[in-house]
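Engineer:
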Amino acid sequence: QGSLWHMRPLVAAIPSPCCRCGAPVALVALPARHASLSSQFAPIFALGLVGEDDVSAAAELLVDSFFTPLQTEDAGPAAPLTSAESAMREERRRLTARGLEWRLGSRLQAPTPALALDSSLLLALTHVQTGEMVATAELSLRPRDGRLPAEFAVPPLFLLHSAGLAPYLCNLAVRRGFRRRRIARRLLSSCERLVSSEWQQSELYLHVDLLNQAAAALYRSEGYEPLPGFDR
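Under our numbering, residues 180 to 411 are what the sequence shown spells out, in order.
1) Would you kindly check if the distance between the Cβ of Leu287 and the Cβ of Gly227 is under 9 Å?
2) Touch check for the region 373-381 and the region 280-300: three-plus C-beta pairs under 8 Å?
3) Express the C-alpha separation of Ser298 and Ser369 in angstroms, rounding to a whole number.
4) Indicate whether Arg321 and Tyr398 have their beta-carbon atoms separated by less than 9 Å.
5) Gly278 lies in the beta strand (DSSP E); which residues open and close that run?
6) Following the continuous beta strand (DSSP E) through Phe224, name the residue where it begins and the one where it ends.
7) May I ask which residues mark the beginning and end of the beta strand (DSSP E) holding Glu317?
8) In chain order, what residues of the same chain lie with their CB nearer than 6 Å to the CB of Glu317, ignoring the 5 residues before and after it?
9) Nearest by alpha-carbon distance to Phe357: which of Leu274, Glu330, Thr315 is it?
10) Hey, Thr275 and Ala238: beta-carbon distance below 9 Å or not?
11) Measure the CB-CB distance between Val313 and Arg271 and report whether it falls below 9 Å.
12) What is the DSSP secondary structure of Asp243, counted as helix, strand or coil?
13) Does DSSP classify Pro259 as helix, strand or coil?
14) Exposed or buried, what is Leu390 when buried is set at 16 or more other beta-carbons lying within 10 Å of its beta-carbon?
15) Considering Val374, what are the terminal residues of the beta strand (DSSP E) in which it resides?
16) So what's Ala211 in DSSP terms, helix, strand or just coil?
17) Hey, would you say Gly402 sits closer than 9 Å to Gly325, going by beta carbons?
18) Report the three-state DSSP secondary structure of Ala237 (helix, strand or coil).
19) Measuring CA to CA, which of Phe331, Leu304, Met267 is closest to Glu280?
20) When you compare the CB positions of Leu216 and Leu206, do they come within less than 9 Å of one another, or not?
21) Work out the CA separation of Ala289 and Leu327 for me, nearest whole Å.
22) Starting from the Cα of Pro222, find the closest Cα among Val307, Thr261, Arg277 and give me that residue.
23) Is the Cβ-Cβ distance between Glu311 and Pro203 less than 9 Å?
Written as structure tokens, this is what we have:
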């Protein structure tokens, strides 16, 4: 179950600035006018846009972040998956990749941070030395109605008649070996800056898992407020 949260107005300030490795990726660089969004992660990480060659890596990161049983930092190596668990995980990865391809649409062939009514935008952070994707954040326009978008959500272009469209954040994820480095907080700030400067929007919505206390604490500390009247 998720709860809808909202920030308004968007803040403009950016805070000062042994893992499980994934395959190297080559993201599309952000336009020069958005250099400040990436500079806060330098020189260790680089921020860019996901293209069609990066979908598989992004899907793997999202599955690892959201669909694998959580472990504490002291739990040690995870137990090997059973054949049934491995099959379920692979099916989840394929479904996640297909969902990303559906939502990102034409932006995969020509990645751009511009506001669009036909596709989402997926930012990703890579490790400069290894090329490994370590974090993602997805931005789109969604109806301001509290509904949790489906994997194959209807593009906003076909939702103009609904109760108003607003910037929406989802899939803010950080690979397990890179957590507790303020990456999620900085990536959230980069999303806010992009929505404010590129999209010319003054609010941002997101859903928070009611069981994810760490995420709720992060968003609350950054000025987000729950909107219980919209919860479904």
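We put the CB at the ideal spot given by N, CA and C, even for glycine. Quick caveat, the model's predicted, so the values are computed rather than measured.
Structural biologist: This is what the structure holds:
1) Counting from one through the sequence shown, the residue named residue 227 turns up at place 48. Counting from one through the sequence shown, the residue named residue 287 turns up at place 108. No; because the gap between Cβ atoms is not below 9 Å, this pair is not in contact.
2) yes
3) On the sequence shown, position 190 is the one that residue 369 refers to. On the sequence shown, position 119 is the one that residue 298 refers to. Each residue's Cα considered, the two are about 19 Å apart.
4) Start at 1 with the first residue of the sequence shown, and residue 321 comes out as number 142. Start at 1 with the first residue of the sequence shown, and residue 398 comes out as number 219. No, these two residues do not count as a Cβ contact at 9 Å.
5) Here the question's residue 278 lines up with position 99 in the sequence shown. Per DSSP, Gly278 belongs to no beta strand (DSSP E); it is in the alpha helix (DSSP H), 262-283.
6) Here residue 224 refers to the residue found at position 45 when the sequence shown is read from its first residue. Segment 224-228, the beta strand (DSSP E) holding Phe224.
7) By 1-based counting over the sequence shown, the position of residue 317 is 138. That run of the beta strand (DSSP E) goes 312-322.
8) As a position in the sequence shown, residue 317 is number 138, starting the count at 1. Taken in chain order, the residues that qualify are Ser299, Leu301, Cys349, Asn350.
9) For the purposes of this step, residue 357 is taken as the residue at position 178 of the sequence shown. Answer by Cα proximity: Thr315.
10) Along the sequence shown, read from residue 1 onward, the residue named residue 275 stands at position 96. Along the sequence shown, read from residue 1 onward, the residue named residue 238 stands at position 59. The answer is yes: Cβ separation under 9 Å.
11) In the sequence shown, residue 313 corresponds to position 134, counting from 1. In the sequence shown, residue 271 corresponds to position 92, counting from 1. No; because the gap between Cβ atoms is not below 9 Å, this pair is not in contact.
12) Numbered from 1 along the sequence shown, position 64 holds the residue referred to as residue 243. It is helical.
13) Position 80 of the sequence shown holds residue 259. Residue state, collapsed to three classes: coil.
14) Within the sequence shown, numbered from 1, the residue matching residue 390 stands at position 211. Under this definition Leu390 is an exposed residue.
15) Counting from 1 along the sequence shown, the entry for residue 374 is found at position 195. Where Val374 is concerned, there is no enclosing beta strand (DSSP E), although the alpha helix (DSSP H) around it starts and stops at 362-376.
16) By one-based count along the sequence shown, residue 211 stands at place 32. Here Ala211 sits in helix by DSSP.
17) If you number the sequence shown from 1, residue 402 lands on position 223. If you number the sequence shown from 1, residue 325 lands on position 146. No, these two residues do not count as a Cβ contact at 9 Å.
18) Along the sequence shown, one-based indexing puts residue 237 at 58. It is helical.
19) Taking the first residue of the sequence shown as 1, we reach residue 280 at position 101. Ranking Phe331, Leu304, Met267 by Cα distance to Glu280 puts Phe331 first.
20) Residue numbering aside, residue 216 sits at position 37 when the sequence shown is read from its first letter. Residue numbering aside, residue 206 sits at position 27 when the sequence shown is read from its first letter. Taking 9 Å as the Cβ cut-off, Leu216 and Leu206 do not qualify as a contacting pair.
21) The residue given as residue 327 occupies position 148 in the sequence shown. The residue given as residue 289 occupies position 110 in the sequence shown. Whole-angstrom Cα-Cα distance: 27 Å.
22) Locating residue 222 in the sequence shown gives position 43, where the first residue counts as 1. When only C-alpha atoms are compared, the closest one is Val307.
23) Within the sequence shown, the letter at position 132 stands for residue 311. Within the sequence shown, the letter at position 24 stands for residue 203. Yes.
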